[in-house]
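There are 2 protein chains.
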Amino acid sequence: MEERILMGHGSGGLMMSRLIRDLIAPAFEMESLADAAVLEFSSSGKMVLTTDSYVISPLFFPGGDIGELAVCGTVNDLSMMGARPLFLTAGFILEEGLLLSDLRKIVFSMAETARRAGVRIVAGDTKVVERGKCDGLFINTAGVGVVPEDISMLPGNIRPGDRIIVSGPIGTHGIAVMAERNGLTFDPPILSDTAPLNGLVADMLDACSGIRVMRDPTRGGLVTTLKEIAGEARCRILLQEDAIPVLAGVRGACELLGLDHLYVANEGVLTAIVEKQGAEGLLEVMRKHPLARNAALIGEVGTEADGRVLLETDAGGTRLLELLVGEHLPRIC
Amino acid sequence: MEERILMGHGSGGLMMSRLIRDLIAPAFEMESLADAAVLEFSSSGKMVLTTDSYVISPLFFPGGDIGELAVCGTVNDLSMMGARPLFLTAGFILEEGLLLSDLRKIVFSMAETARRAGVRIVAGDTKVVERGKCDGLFINTAGVGVVPEDISMLPGNIRPGDRIIVSGPIGTHGIAVMAERNGLTFDPPILSDTAPLNGLVADMLDACSGIRVMRDPTRGGLVTTLKEIAGEARCRILLQEDAIPVLAGVRGACELLGLDHLYVANEGVLTAIVEKQGAEGLLEVMRKHPLARNAALIGEVGTEADGRVLLETDAGGTRLLELLVGEHLPRIC
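The listed protein sequences correspond, in order, to chains W and V.
Heads up, the first sequence is in our numbering, so the first residue is 417 and it goes up one at a time.
Heads up, the second sequence is in our numbering, so the first residue is 417 and it goes up one at a time.
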């Protein structure tokens, strides 16, 4: 009989204390089992704080798992503010009956990803709910980072003529997860792009002072993210369809599944809006980083202050891109 | 037809953006809808970071709701480290079909509690899962506070002769929730003690330099918390049964439900281990605070270094108190 999570693992008593002492605290190299961590925080900069809950289904997918995702997603949210991610918290909600071996895999995956990203998981919490009251497990990570005083990522700084950049092919994460859910396999396989982007962002900020805004286009994909930026900045964004990188397999899978890759989630891709002069130099720097070898210039900011995002299509037409109203791909992160 | 949460509210698209723009951001007075908040953080002290997920059932109970609890619980975890709570994040996992009016009540309750505690909710996240994949809603809050350099709450500082204090009657939160679940009513009603303790803690730290450790005895109640402390400090804790404050109604309900109030959760009570000389003076200060009118001296630290917690009973005997092995009261926070 494989060991499973029981309600007692959430009781605050002996079973919970052992779960934390034997699995979670050693994996994250936590110094204490206290409810809160005391940390040194350098004052040379502003603090950035973020949170995300991860409810992806299934827990394991080609190229990643919910643990890797829960670290990368929050590291990336901090990175997009120009911040250096420092500390994460990890809150687990476990379903009674979850295989302990699955929890172990996920915790180790979080620890390994945190090491890769150079961040520390310093505080945690574990709750257990009855069978059927959650879906395996949910993870929340909150993150603290520090951003230098002279860096601010504000859509208000965007100007006509600024260039739009993406760091790599889009839609890969969403399609990898959908394929797993639908029992589809591809040759070559489509693996989630989940990755911590803080190293890439550090290189970009070193190389270019003209970065206006960075975002990681997760839920809702590239278009949703650019629509948000255009709306906040009251600017128009013009995209070139043929310039937007997408893997052939992802394009094919989108056709098969009736999805538009422009709206499919990414977890290891960023889009940046950059001053025109610095764009080419920045792309050269990005392409030297393993996570951005296929970084591309995909469009520019127009002169109209209307918050619209337009796509110049391969066929020579222009398509107005809107926010999705309802659900496209549920539980993709 | 009452409005309900739909899967589209978690899509990253228009429905989600409206939910955040119209409900969550205004309630929390958030300055931006970005994924992360940039904050001023004073460097005169160390940073304390904590996280907790709240999965209490039912969402509304006598004297409180999950929203109030989610703010108080995290404020209190910071306070117990001697920290001044500053910022919270709020991560929502919503079940498809949740009444929008219930979400609204809970969000307003969080906002009101944050105001009462003097903290700001600065970053949030919203996920939606299919009906039956969660239980109404779960909330995670992570918290950031600052603790002066000269304050450290370390069980290692505990010495024989130190006094054990509680700030008020124990077991009230757990019994209020259990009564609601079991359809029991009491006269007078038993209301949860949920409250932010940071004001009380500030008064205590001002008045007394001899506080070794503070904890809020939530899951597993007073005994679980004191057992943890005794284990970490390798000290013995001796409690006087007749000195431990408990409401008559809570005592009666515990007998009815077959529970031991020493193990029942609290959400607005703290226990402190204090240098002998300062204990009486500290109690006087505490009793002036509305949340600690019935603060009491309940025991002391013995000379044996064995990590045991012993109860001297009303009947004149001595009872060895252990950690609970399994589940006592599930989903109480």
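All residues carry an ideal CB built from backbone N, CA and C; glycine is no exception.
Environment of residue i [buried if 16+ CB atoms lie within 10 Å]
{"i": "W:ALA664", "result": "exposed"}
{"i": "V:MET702", "result": "buried"}
{"i": "V:PRO585", "result": "buried"}
{"i": "V:LYS704", "result": "exposed"}
{"i": "V:VAL515", "result": "Checking the displayed sequence, the identity of residue 515 of chain V turns out to be Leu instead of Val. V:LEU515 comes out exposed."}
{"i": "W:PRO605", "result": "exposed"}
{"i": "W:GLU512", "result": "buried"}
{"i": "W:ALA486", "result": "buried"}
{"i": "V:ASN682", "result": "buried"}
{"i": "W:ARG631", "result": "buried"}
{"i": "W:ARG635", "result": "buried"}
{"i": "W:ARG747", "result": "buried"}
{"i": "W:ALA721", "result": "exposed"}
{"i": "W:VAL741", "result": "exposed"}
{"i": "V:GLY715", "result": "buried"}
{"i": "V:ARG579", "result": "buried"}
{"i": "W:GLU644", "result": "buried"}
{"i": "W:ASN598", "result": "exposed"}
{"i": "V:GLU445", "result": "exposed"}
{"i": "W:ALA731", "result": "exposed"}
{"i": "V:ASP438", "result": "exposed"}
Proximal chain V residues relative to residue i, where beta-carbon distance stays under 9 Å
{"i": "W:CYS550", "result": "VAL471, ILE509, VAL545, LYS549, CYS550, ASP551 and PHE554"}
Per-residue contacts from residue i into chain W (C-beta, under 7 Å)
{"i": "V:ALA452", "result": "VAL464, LEU465, THR466, ASP493, LEU494 and MET497"}
{"i": "V:ASP541", "result": "THR467, ASP468 and SER469"}
{"i": "V:GLY718", "result": "Neighbours of V:GLY718 on chain W: none; closest Cβ ~22 Å, over 7 Å."}
{"i": "V:ARG635", "result": "SER427 and GLY428"}
Closer than 7 Å: residue i CB and nearest the ligand SAH heavy atom
{"i": "V:LEU514", "result": "The model depicted lacks the ligand SAH and carries no ligand whatsoever."}
Helix, strand or coil at residue i [DSSP, three-state]
{"i": "V:PRO604", "result": "coil"}
{"i": "V:THR729", "result": "coil"}
{"i": "W:LEU745", "result": "coil"}
{"i": "W:GLY552", "result": "coil"}
{"i": "W:THR610", "result": "coil"}
{"i": "W:LEU663", "result": "coil"}
{"i": "W:ARG434", "result": "helix"}
{"i": "W:GLU644", "result": "helix"}
{"i": "W:GLN615", "result": "For clarity, residue 615 of chain W is Gly in the given sequence; the question names Gln instead. W:GLY615: helix per DSSP, three-state reduction."}
{"i": "V:ARG597", "result": "helix"}
{"i": "V:LEU621", "result": "helix"}
{"i": "V:GLY590", "result": "helix"}
{"i": "V:ASP541", "result": "strand"}
{"i": "W:ALA649", "result": "helix"}
{"i": "V:GLY577", "result": "coil"}
{"i": "V:GLY424", "result": "helix"}
{"i": "W:LEU439", "result": "helix"}
{"i": "V:LEU638", "result": "helix"}
{"i": "V:GLY800", "result": "Residue numbering for chain V in the displayed model covers 417 to 749; residue 800 of chain V lies beyond these limits and cannot be assessed."}
Chain-ordered neighbours of residue i on chain V, where CB pairs are closer than 8 Å
{"i": "W:THR505", "result": "LEU465, THR466, THR467 and ALA558"}
{"i": "W:THR588", "result": "Correct list: empty, because the minimum Cβ distance to chain V is about 17 Å."}
{"i": "W:VAL538", "result": "LEU465"}
{"i": "W:MET431", "result": "VAL741 and GLY742"}
Minimum Cβ-Cβ distance from residue i to chain W less than 8 Å
{"i": "V:PRO746", "result": "yes"}
{"i": "V:VAL741", "result": "yes"}
{"i": "V:LEU475", "result": "no"}
{"i": "V:THR640", "result": "yes"}
{"i": "V:SER583", "result": "no"}
{"i": "V:MET423", "result": "yes"}
{"i": "V:GLY428", "result": "yes"}
Where residue i meets chain V, residues with beta-carbon distance less than 7 Å
{"i": "W:GLU456", "result": "LYS462"}
Interface flag, residue i vs chain V, CB-CB below 8 Å
{"i": "W:LEU613", "result": "no"}
{"i": "W:GLY732", "result": "no"}
8 Å Cβ cut-off: residues of chain W touching residue i
{"i": "V:ARG420", "result": "Simply none; closest approach about 14 Å."}
Where residue i meets chain W, residues with beta-carbon distance less than 9 Å
{"i": "V:VAL563", "result": "VAL454"}
Ignoring anything shorter than 3 residues or poking outside the region 461–535 of chain V, list the beta strand (DSSP E) runs there in chain order.
462–470 and 500–511
In chain order, each beta strand (DSSP E) run of at least 3 residues that lies wholly inside the region 666–732 of chain V:
687–690, 712–717 and 725–728
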